[in-house]
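**Student:**
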Amino acid sequence: MAVSATDLKRGGSASALLLPATLLVVVALVAPMLTLLRYSFNAYDPIMLMRETFTLENYARFFTEPYYHEVILTTLAVAFGASLGALVLGFPLAYFLARTKSRYKSLLVVLVVFPLLVGNVVRAAGWIALFGSRGILNVTLMKLGLIESPLEIMYTDWAVVIGTLSVVMPFMVLSLQSVIENVDFSVVDAALNLGATRLQAFRLVFLPLVMPGVTAGFALIFILCMNAYATPYLLGGPGYKMMAPALYEQISVLSNWPFGSALAFILMATTVLATLFVTRVARGKAA
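In the numbering used here, the protein residues as written are 4 to 290.
1) Which of the three DSSP states, helix, strand or coil, is assigned to alanine 277?
2) Which runs of the beta strand (DSSP E) spanning at least 3 residues fall entirely within the region 114 to 183, listed in chain order?
3) Looking only at its chain, what residues have a beta carbon closer than 7 Å to the beta carbon of leucine 111, apart from the 5 residues adjacent to it on each side?
4) Ordered along the chain, which non-local residues of its own chain (more than five positions away) have a Cβ less than 7 Å from that of serine 258?
5) If you draw a straight line from the C-alpha of alanine 5 to the C-alpha of leucine 22, how long is it?
6) One question on the structure: do tyrosine 158 and glycine 240 come within less than 7 Å of each other, judged by their Cβ atoms?
7) Could you round the C-beta distance between valine 170 and valine 191 to whole angstroms and report it? I think they count as a contact, below 8 Å.
8) Looking at the unbroken alpha helix (DSSP H) that takes in aspartate 192, where does it start and where does it end?
9) Is the beta carbon of threonine 167 less than 7 Å from the beta carbon of isoleucine 226?
10) Drop a sphere of 10 angstroms on the beta-carbon of threonine 218, count the other beta-carbons inside from all chains shown, and report buried for 16 or more, exposed for fewer.
11) As a quick exercise: from Leu154, Gly148, Ile131, pick the residue whose alpha carbon is nearest that of asparagine 141.
12) Starting from the N-terminal side, write out each stretch of the beta strand (DSSP E) that is 3 residues or longer and does not extend beyond the region 5 to 93.
13) Is lysine 146 buried or exposed, if buried means 16 or more other CB atoms sit within 10 Å of its CB?
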């Protein structure tokens, strides 16, 4: 079929509109990533900081030192725990927001979004005030006589998971809400009218309809958790073993750009592979 001059002109205009965004992505994302990739194959020099060469010793160091095995496993555990917690806690709230006809729905959505207006450091400070040895939680429990000494919550895995969960919860709720709002509930009602129990209708009808959105939301949250820095650093302490703080230490504190760059790409690769695995498992169960 012949292509008119008007169609060609429209296509050219669309391409021209995409050009600035494409250039921005190339300059701001692709070029720095390629630079870091090249750095990861260089060697660290205590005097010159970085020596141009081609070596795999940075990657070999990561895979041979037990410390970094613990770092990546802790990162995966915290990311999965926070993502799963956000899904379990966020799903009922998202369902309520999607189904409610209340005139206060907009206000409730604003309350969900409000934590995003507060920086991660401020939120972490709030958790410190709550979980600290002299924090609100411990003081209240001790006054009630439920505990004799303060609970050790700060600088533990639980503190990091809870803090990270609070950061990503709004994203999970909003993504799930939009998915649930697009569900045709007449299909669910039909299943109920045909004799299905509410549990059967939820598991066999409703859940498969929302599973693609749930999977996408979980993947997004998991990626954010894998790359968390401020919350693990503040709630877990400077020595807490997660990839983002370890990466920051190598580059900004020790000026070891080669090894820090290798950590960055290992983190990225692990995040992508773990996300693909979780997505595939979720789709398999939905099918």
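Ideal Cβ positions, reconstructed from N, Cα and C, are used throughout, including at glycine.
**Tutor:** Quick look at the numbers:
1) Numbered from 1 along the sequence shown, position 274 holds the residue referred to as residue 277. Of the three classes helix, strand and coil, the one that applies to alanine 277 here is helix, per DSSP.
2) none
3) Indexing the sequence shown from 1 puts residue 111 at position 108. Cβ within range, chain order: Leu100.
4) The residue you call residue 258 lines up with position 255 of the sequence shown. For serine 258, where only same-chain residues beyond five positions count, the Cβ hits under 7 Å are Leu52.
5) For the purposes of this step, residue 5 is identified with residue 2 of the sequence shown, where counting begins at 1. For the purposes of this step, residue 22 is identified with residue 19 of the sequence shown, where counting begins at 1. Bear in mind that a pLDDT of 49 at alanine 5, under 50, signals an unreliable position, so the model cannot answer this.
6) What you label residue 158 is simply residue 155 of the sequence shown in a count that begins at 1. What you label residue 240 is simply residue 237 of the sequence shown in a count that begins at 1. Yes, the pair counts as a contact, with Cβ atoms nearer than the cut-off.
7) In the sequence shown, counting from the first residue as 1, residue 170 sits at position 167. In the sequence shown, counting from the first residue as 1, residue 191 sits at position 188. Not quite, the Cβ-Cβ distance comes to about 32 Å (not below 8 Å), so this is no contact.
8) Looking up residue 192 in the sequence shown gives position 189. Looking at the DSSP string, the run of the alpha helix (DSSP H) that includes aspartate 192 is 188 to 196.
9) Mapped onto the sequence shown, residue 167 falls at position 164. Mapped onto the sequence shown, residue 226 falls at position 223. Their beta carbons are not under 7 Å apart, which means threonine 167 does not touch isoleucine 226 by this criterion.
10) Looking up residue 218 in the sequence shown gives position 215. Buried.
11) Residue 141 sits at position 138 when you count from the first residue of the sequence shown. Selected option, being the one with the closest Cα: Leu154.
12) Those beta strand (DSSP E) runs which fall completely within the region 5 to 93 and span 3+ residues are 46 to 48, 52 to 54.
13) For the purposes of this step, residue 146 is taken as residue 143 along the sequence shown, with counting starting at 1. With fewer than 16 other Cβ atoms within 10 Å, it is exposed.
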